[in-house]
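Terminal number for the sequence shown in UniProt numbering: 102, no gaps in between.
Ideal Cβ placement from N, Cα and C applies to all residues, glycine included.
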Amino acid sequence: MFGAHCRQKCHCGLYPCHRETGVCQCPPGRTGPNCAMPCVEGKYGPGCQQVCECYHGGSCHPATGHCSCTPGWLGPTCREEDVSYVTTSDQRGRADIPVELS
């Protein structure tokens, strides 16, 4: 409920609304009417206002901004090349180069 004397009903589904305005208070990673929509690709956080910083095709968690890197990339923003991935995949199938897997 919200508004004068809390007489108006919130329409935010599972989420609370502002006690004076009735605007939905969506959790990080959610937005839109009733907080029904996840953040669009490339955005995250409260109100989906923060810009993701995941590189080389990495994807960003809509609530936290944590990057999930594509194969061959590491680090918090997927900028560090995974040398072991590149080395073993480049050398796979070549009989002239010994490959040590750890």
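- Nearest-angstrom Cβ-Cβ length linking CYS78 and HIS56, presumed shorter than 8 Å: With a Cβ gap of about 5 Å, CYS78 and HIS56 count as contacting.
- Report the rounded CA-to-CA distance for PRO46 versus CYS67, giving the unit in angstroms. Cα-Cα distance, rounded: 17 Å.
- Message: If you reduce the DSSP assignment to three classes, tell me which class CYS78 lands in.
- Response: Three-state DSSP puts CYS78 in coil, outside helix and strand.
- Item | Spatial distance of ILE97 from GLN25 (CA atoms) | Any reading at ILE97 must be qualified, since the residue scores a pLDDT of 49, below 50, and its modelled position is unreliable; no value is offered.
- Message: Mapping the DSSP letters down to three states, classify PRO38 as helix, strand or coil.
- Response: Strand at PRO38.
- Task: Would you grab the beta carbon distance between THR31 and CYS48 for me? Rounded to a whole angstrom, and I think it's under 8 Å.
- Result: Taking C-beta atoms under 8 Å as the contact rule, THR31 and CYS48 qualify, at a distance of about 5 Å.
- Burial state of CYS6, where buried means 16 or more other Cβ atoms lie within 10 Å: The residue in question, CYS6, is exposed, as its Cβ has fewer than 16 Cβ neighbours within 10 Å.
- Could you pull out every residue in the same chain whose Cβ sits closer than 7 Å to the Cβ of GLN50, ignoring the five residues on either side in sequence? The residues are LYS43, TYR44, GLY65.
- Collapsed DSSP secondary structure at CYS17 in the structure displayed: In the structure shown, CYS17 falls within a strand segment according to DSSP collapsed to helix, strand and coil.
- Message: Less than 7 Å between C-beta atoms, sequence neighbours within five positions excluded: which residues of the same chain meet that for HIS11?
- Response: Contacts found: ASN34.
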